[in-house]
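Residue numbers (UniProt numbering): 1 to 313.
Right under this line is the structure:
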C-alpha cells in the first residue's frame, strides 16, 4: 500500500533561476530567502526521506476539458520560458516519469466524478512551475510527474482531483512527495511600475489587504488549521491566488481536506515577487500517516457521470 510521506506548497518564482549577483541586484544587495529555503529542503527533506515519486500540482499548466497527468517514461530536453525567456533560457532537464502511477491516478476519475487523462506524448510542453523546482530538488532515479490545473475547474473540481490522487497513491506501492507549486495572492504590478517593486520585501506585495490575507493563511497552515483555509476560500478569491489556489486545494484533498491537521514548517520568509506572495511551507508526515481522502458526493451534479455523448459507447 502506497502513501504520501511529505507534502508542501512551494514557490517557483522565476527569480530563483537568476544568478546570485542578479538576485542581489534586484533585492537591495540581499539574497531572496526562497533560494536557500529550497537548498535546505533538498538537504533536510528530499535527501533525507525514502520516496519513489514526486507529484507536482503545476499552477502554470492550464488545460481546459480535463485534468491531465504526465505519463511519459522519461522527460528530457531544454526549457525556455515563453513568459520570461531572458531569465529562464535553455534550462536542461532530464528525469524519469511514473507512467504506472499516472494511469492509476486517471483510473480513479470515475470514483470522484471528474475527468483525468494520462498523456504519454513526449512532445507535451513542460512548464517552469515544474522545471524550476526540479532543478533544486530533483535527484537521480527519482520519478517526477506533473498534473495540470483545469481552467474550467471550480474549487470542488480541484478537490475531486486531489481525492483521486490520494486514492491512487494508496492503491499503489509508491512512497510519494506532493508539491503544490505556486504562489498565494497573485496580482502583478503594472509594467510601468513593476521595476520599482522587484525587492522581496513583502511591503511590495500588490496591496496591504492581499499581504494580510496571505499572512493569515500562512499562519493557519503553520498551525495545521487547513479546515479554516478551506472554509474561507471564497474570501481569499478576492485576492486572486495563483491558479485559483488549485495547487493547494489538490494537495489538501489528497490528504483529507478539513481532516488534515499537519502543521507547516516554513522554509522561507514570506516574500514579494513583483506583487505576488511567495513562501515555502512543508508538511511532515504525521505519526500514523496522513488522513485518507474523502469520498465524493456527486448526487447534486447537473449531469450523470461518467458523461457520454449521444451515440458513443
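Think of the CB as a built atom: it goes at the ideal place given N, C-alpha and C, for glycine as much as any other residue.
Keep in mind the model is a prediction, meaning the values are calculated, not measured.
Judged by DSSP in its simplified three-state form, residue 267 adopts coil rather than helix or strand. Taking C-beta atoms as the reference points, residue 248 and residue 202 fail to come closer than 7 angstroms. Only residues of its own chain outside the window of five on either side were considered, and among them 69, 116, 117, 118 have a CB closer than 7 angstroms to the CB of residue 106, listed in chain order.
When 128, 274, 108 are compared, the shortest CA-CA separation from residue 62 is found for 128. In the structure shown, residue 135 adopts helical secondary structure according to DSSP, grouped into three states. Per DSSP, the beta bridge partners of residue 79 are 91. The region 9-87 is shown to contain whole beta strand (DSSP E) runs of 3 or more residues at 53-63, 67-70, 74-79, in chain order. A residue is called buried once 16 or more other Cβ atoms fall within 10 Å of its Cβ, and residue 214 is buried on that count. Taking the Cα positions, residue 282 is about 18 angstroms away from residue 16.
DSSP places residue 176 within a strand segment (E or B) once states are collapsed to three.
Under the 10 Å beta carbon count, residue 183 is surrounded by 16 or more other beta carbons and is classified as buried.
Cβ contact annotation for residue 72 (same chain, cutoff 6 angstroms, sequence separation greater than five): 97, 120, 122, in chain order.
In the DSSP assignment, residue 201 is bridged to no other residue. Segment contact: the region 148-158 against the region 73-93, fewer than three CB-CB distances shorter than 8 angstroms; contact not assigned. Assigned with DSSP and collapsed to three states, residue 96 falls in strand. Taking all protein chains in view, the Cβ of residue 51 is crowded by 16 or more other Cβ atoms within 10 Å, so the residue is classified as buried.
The C-alpha of residue 21 is placed about 46 angstroms away from the C-alpha of residue 114. Straight across, the Cα-Cα distance linking residue 11 with residue 227 is about 22 angstroms. Counting C-beta pairs closer than 8 angstroms gives fewer than three between the region 173-187 and the region 84-92, which falls short of the contact rule. The residues 130, 146, 179, 181, in chain order, have a CB closer than 6 angstroms to that of residue 56 in the same chain once the five nearest residues on each side in sequence are set aside.
Taking residue 47 as the centre and dropping the five residues before and after it, the same chain places no C-beta closer than 6 angstroms to its C-beta. In the DSSP annotation of this structure, the continuous segment of the beta strand (DSSP E) that includes residue 144 starts and ends at 143-150. Here residue 109 really is in contact with residue 164; their C-beta atoms are around 6 angstroms apart, less than 8 angstroms. With a contact defined as Cβ atoms closer than 8 angstroms, residue 6 and residue 35 miss out at about 20 angstroms. The distance from the Cβ of residue 257 to that of residue 159 is about 7 angstroms, consistent with a contact at the 8 angstroms cut-off.
Listed in chain order, the non-local C-beta contacts of residue 166 below 6 angstroms within the same chain comprise 254, 293, local neighbours out to five positions each way being set aside. Excluding five sequence positions before and after residue 64, the CB atoms of its chain that fall closer than 8 angstroms to its own CB belong to 150, 151, 152, given in chain order. Selection 197, 100, 74 evaluated against residue 124 yields 74 as nearest (Cα-Cα).
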